[in-house]
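Enquirer: One structure follows; several queries about it will come next.
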Amino acid sequence: MSLLASYATWIVSHPIINGLLTATFLIVSTIVAICFAELPSFDDPAKEFITIGTPMAAKLYQLKALQQNTLSLPTKKYGQSRVTRSNTMEDKITFCFELPDQGSDELWSRFESMSKVVVSLHTEEERMNGTFLTVPGAVESVCRLQTRFEALPGYGQLCSKASLTDVNSACCPIWSLANFIASIVNKTSCHQITEGDVRRVENLFETCKMSFLSGALKRTCWDETAPSHWLCPEVPPQCFTHPHLLLLLEIATPPPHYHRHLNGAGGWNVTLLVLPLWKRVGLELWNLASLDRPQTLTDLTRNLTPPVAIEAIELGMYGELAGRYVAWDSVWLALGAACLALLLLLLTRGSVVVVGATFLALGWSLTLAYGLYTRLLRLPTFPLLNMMALVLLLGLGADDILLFYQIWVSIHPRNACGGDVAIDEGGDDEKAMRLQTRVLQMAVTLRHAVPSVCLTSLSTLGGLLVSLNSAIVAVKRFSIYASLTVLCHVVYVLTVIPTLLLLFVPPHRRRCYHLHLPHFRLADFLVIRMRFAFPLLLLTVIVTSTYLLFYAGWLAFPSGSLQPAFYRSTHPAEVYRLRGGEFSWAEYTLRSHRGLISLHVVWGVQPHDPRNHWTWTPYDDEAVVLQPRWRADFNITTPESLSWLSTFCSKINKMPRSFAPPSIPPRSSFLEEDALLPSQNHGCAFGRGVFSFRDFNESTPVCYHDTAACLTTFAETSLNPTGIRFSLETMRIVGLVISATANLSLANTTFSTLQEFTQQVEAWFSTLLETAPNGLAGGFVVSPELTAFEAYQDVLKFLPFSLGLSVTLAALLILLSTINLPLAMTALVSVVASLLLSCLLLILLGGWTLGIVEALILSLSAGLAVDPCIHLALAIIRSYGDQGVSWIQRCRRALETVGWAVTGAALSTALAGFAMLPSQLRCYQQMGLFLLILMISALLLCGIAFVGSVACLPDKCVMACWRSREATNASVS
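Just so you know, we're using our numbering here: the sequence shown kicks off at 3 and counts up by one.
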């Protein structure tokens, strides 16, 4: 007797005992999982989007280890702080520029660390070219808006105060167009501004804009050393009216790349509010004021004339919002569950048992998987990405249960239409006959359902587990947790569902209904009679999608910020993160310079990354002392090494996209571009320039007989960092780091540009390293700014491999389960067509690019799309057993047997995905859209088109490798 037959006999013979054992198992495992697991926290989901074990990660780890375990000077010396000069003009509006709690003497650091709000002007059609300075009343609207911001709950307690000693003092003024105009025209409040004042400042703005953009108008023009027209003779005299004109220009001027149309308007219709709120308290204000609620933003801008709108908000709490939205979006999960329940009631003709069993499966699988994840595997963190498993299981949870139900209710004597009769009623012969009949019904159900459930689950697991090939921590941990949920769900279905069906769902439940519904007649017409159109449809989809995705370039990496997005594209914080540089000259300039790529050439250590994907936490790099792997052959004290370093430093300016920093550090400034240029922290001290080691070596007596002492003295006396690293214990020279800056910013570049740049730098350095002496032969180049780029390189490596392996596994599963090559090849073509069409629709409807989360989701597509093919292929092969029946008859019978189950499974998954589209969390939204599109395309191409294409196969291809029912049972067992 086969294993499935024995299992069926046990279930039917001991239903009560089996039910009690099953309930005990579910309850005990749930209690254990809940008691020994802790709730996850989502403080900053971006922290775990890092790579471990890659060549770049190994180099960056050793750079940090070298810097952490060494000193730049053998003795600690501190430079003197620079005293800035400023005029003594008294401002009517005090912007707290001199308060110590502002965090820095440099306004760029202050600007970067403060919160910001982007406001856009909505003008009438005839004023589309208007700006905040030209449209009457626009500045007044800004003034009223900032007053409403200052009245938000919690603003008065969290803002930076005008007095450090008086907690009841007023908040520092907002840096805004309205406040700067009031300061320039010598008013104490923006509410006192007249239209004449605005016209005056508008004239100043137009007169001085070109001088500002050229760099001629700057903070030093107001220095006390000389009159302004002497210090800046090329600037028009009226521009010296007030130094705050410079700040107004910096936040109100468009970025350099500005074109005429932005946000649908012809004029520059946005301005910036810089709030006196440090980013560390931004999350508290966000929660107190509920700034992510549309009603709050609407109330802030209500009844303003002309109307304005809040486009973006940046309060420094981007990552910390994830935990808030996990709770919020549970509403959409509940909505998806409600929709799924209604659909299940419809598909099962009101079976509450099936609905309850489905949701019990979801809750138990997720809970037990989390317990196994945290306690058995002891993974230290639970990334936000893991929450996508909830959406995934919500969509897939009903598929296997529906299949069991569909097969169970379709197995019954054809002429029975009576009520259910208990097994123990009647005589002994009748009871034995009913028991034997029920065992046969359960055995047939298991024989048809178990292989399909196991194969579809195996295909889904294959799509998840291939993501383990990725080097990204969050991707690996999602793969593990999602795989655990799928495994737990399979265990639940195989152990619980047969017992529930036996106890609560009579197998003749559908006897009094019409078995052949009109839908099957329609399916017979569409699928069977129009079968010759489906092979052509599949080939057309494959050719068209392949051309658009790969040759037309529709499938591309994101440009600009390479960090993954966690919220909806319309979320105020997401808008500022992605497009903040488009709204003002100051933000664009700051991002451009902060995003400049720094390159470090490192000697003394060798690339090695000892971290482990399964034990690493985001706090390890901060709290754990990194361990450098020293190179024993490092030596820069030989004449050959010093000579080669001198040559290397003379060629470093020929590095691809080399950036030449200014030789003279900038003086005190407002938000001026020169203050952002790297000057003292980069360079090469071993070249031929002034104050180089070469000059020092020739003029210092100690260098004549002791090169190591000479280098130590040079490091101590040099005005600029030398890059030499000294041991903490022995003060010996153990490493060297030469830094340079590339004229390439992450703020305005693309993946292809970065890829080309890294290849050029590696080729350039490898060429130079070929002539290096033994003491410097082990150097390498690394850049901390390219960590996000490294993650995308990993995506480029693992996604094609994952998709190829998933598709191959899907086709192999069908081949092994059916032992029919034409059937497997037809399924392979259907799956490929479904994947390509889904990817194309995701780009068209969802605006997808090939980001990290998108790539992870796409890697699951093959394992999910093949499910209809597996169910239908098994039903086709098993139809009529080993009889020589045509493909058309087999396809028609397969549609009658599992057609409703396949359709219901696809619709339930698509419906669950559709319910998640309004989510704030982008990963929920993306997974929902993916499930919606993939399941619809899979139903059409892997369901309908697959069956139609199989019906076109010649009947001589019907291969009955399973010659008998016993052979079939043996292979399944």
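For every residue, glycine included, the Cβ atom is placed at its ideal position computed from N, Cα and C.
1. Look up His602 in the DSSP assignment and give the residues it is bridged to.
2. Could you check the C-alpha separation between Gln104 and Leu65 for me, to the nearest Å?
3. Thinking C-alpha only, which one of Ile315, Thr24, Leu830 is nearest Ala947?
4. If Arg150 and Leu302 are in contact, beta carbons under 8 Å, what's the gap, nearest whole angstrom?
5. Decide if the stretch 51-64 is in contact with the stretch 472-492; the criterion is three or more beta carbon pairs, one per stretch, under 8 Å apart.
6. Thr709 and Thr639 - do their beta-carbons sit closer together than 8 Å?
7. Measure the C-alpha to C-alpha separation of Val187 and Gly156 and round it to an integer number of angstroms.
8. Assign Trp288 to buried or exposed, taking buried as 16 or more other Cβ atoms, counted over all protein chains shown, within 10 Å of its Cβ.
9. Can you find at least 3 beta carbon pairs, one from the stretch 906-918 and one from the stretch 928-943, that sit closer than 8 Å?
10. Helix, strand or coil: which one does DSSP assign to Pro278?
11. Under 8 Å between the Cβ atoms of Arg146 and Leu362?
12. Under the DSSP definition of a beta bridge, which residues are partnered with Arg727?
13. Just to confirm before moving on: does the CB-CB distance between Val121 and Ile312 stay below 8 Å?
14. Taking the alpha helix (DSSP H) that Ala311 belongs to, which residues open and close that run?
15. Give a yes or no on whether the C-beta atoms belonging to Cys954 and Arg533 are separated by under 8 Å.
16. Between Pro630 and Ala67, which are expected to be in contact by the criterion C-beta below 8 Å, what is the C-beta distance as a whole number of angstroms?
17. Give the range of the beta strand (DSSP E) segment to which Val529 is assigned.
18. According to DSSP, Trp632 sits in a beta bridge with which residue or residues?
19. So, helix, strand or coil for Val809, using DSSP?
20. From the DSSP secondary-structure annotation, give me the bridge partner or partners of Ile52.
21. Got a sec? Which residues, its chain only, sit under 7 Å from Leu550 by beta carbon, not counting five neighbours each side?
22. Taking 8 Å as the threshold (C-beta atoms), are Phe97 and Cys174 in contact?
23. Taking DSSP as the reference, what is the three-state secondary structure of Val121?
24. Name the residue from Met435, Gln762, Trp632, Ala484 whose alpha carbon lies nearest to the alpha carbon of Ser459.
25. Counting pairs of Cβ atoms below 8 Å between the stretch 598-610 and the stretch 268-278, do you hit three or more?
26. In chain order, what residues of the same chain lie with their CB nearer than 6 Å to the CB of Thr298, ignoring the 5 residues before and after it?
27. Taking CB distances under 8 Å as the criterion, tell me whether Arg201 reaches chain B.
28. Can you check DSSP and say which residues form a bridge with Lys163?
29. Considering Trp232, what are the terminal residues of the alpha helix (DSSP H) in which it resides?
30. Report yes if the C-beta distance between Val507 and Ser353 is below 8 Å; otherwise report no.
31. Grouping DSSP H, G and I as helix and E and B as strand, with all else coil, what is Leu955?
32. Using C-beta distances below 6 Å, list every residue in its chain close to Phe698, excluding the 5 sequence neighbours before and after it, in chain order.
33. Which of the three DSSP states is assigned to Thr72 in this structure?
34. Throw me the rounded Cβ distance for the Cys871 and Cys944 pair, which I believe falls under 8 Å.
35. Indicate the three-state DSSP secondary structure (helix, strand or coil) for Ile18 in the structure shown.
36. Determine contact between the stretch 587-606 and the stretch 17-35, defined as no fewer than three beta-carbon pairs at a distance below 8 Å.
Expert: Taking the coordinates as given:
1. Ser741, Val784
2. Its pLDDT being 42, under 50, Gln104 is placed unreliably in this model, and the coordinates cannot settle the point.
3. Scanning Ile315, Thr24, Leu830 for the CA closest to the CA of Ala947 turns up Leu830.
4. 5 Å
5. Contact holds: three or more Cβ-Cβ distances are below 8 Å.
6. Yes.
7. For Val187 and Gly156, the distance between alpha carbons rounds to 31 Å.
8. buried
9. With a cut-off of 8 Å, the stretch 928-943 and the stretch 906-918 count as touching, because enough Cβ pairs lie within range.
10. strand
11. no
12. Gly737
13. yes
14. Segment 310-316 is the beta strand (DSSP E) holding Ala311; no alpha helix (DSSP H) there.
15. yes
16. 4 Å
17. Premise fails: Val529 is in no beta strand (DSSP E) and is neither H nor E.
18. Val607
19. helix
20. Answer is none; Ile52 lacks a bridge partner.
21. The answer, listed in chain order, is Trp556, Leu842.
22. yes
23. strand
24. Ser459 has its Cα closest to that of Ala484, out of Met435, Gln762, Trp632, Ala484.
25. no
26. Ser292
27. Although the question refers to chain B, the structure presented lacks it and comprises just one protein chain.
28. Cys173
29. 230-233
30. yes
31. coil
32. For Phe698, the CB contacts under 6 Å within the same chain, skipping 5 residues up- and downstream, are Phe716 in chain order.
33. strand
34. The Cβ separation is near 5 Å, so the contact holds.
35. helix
36. no
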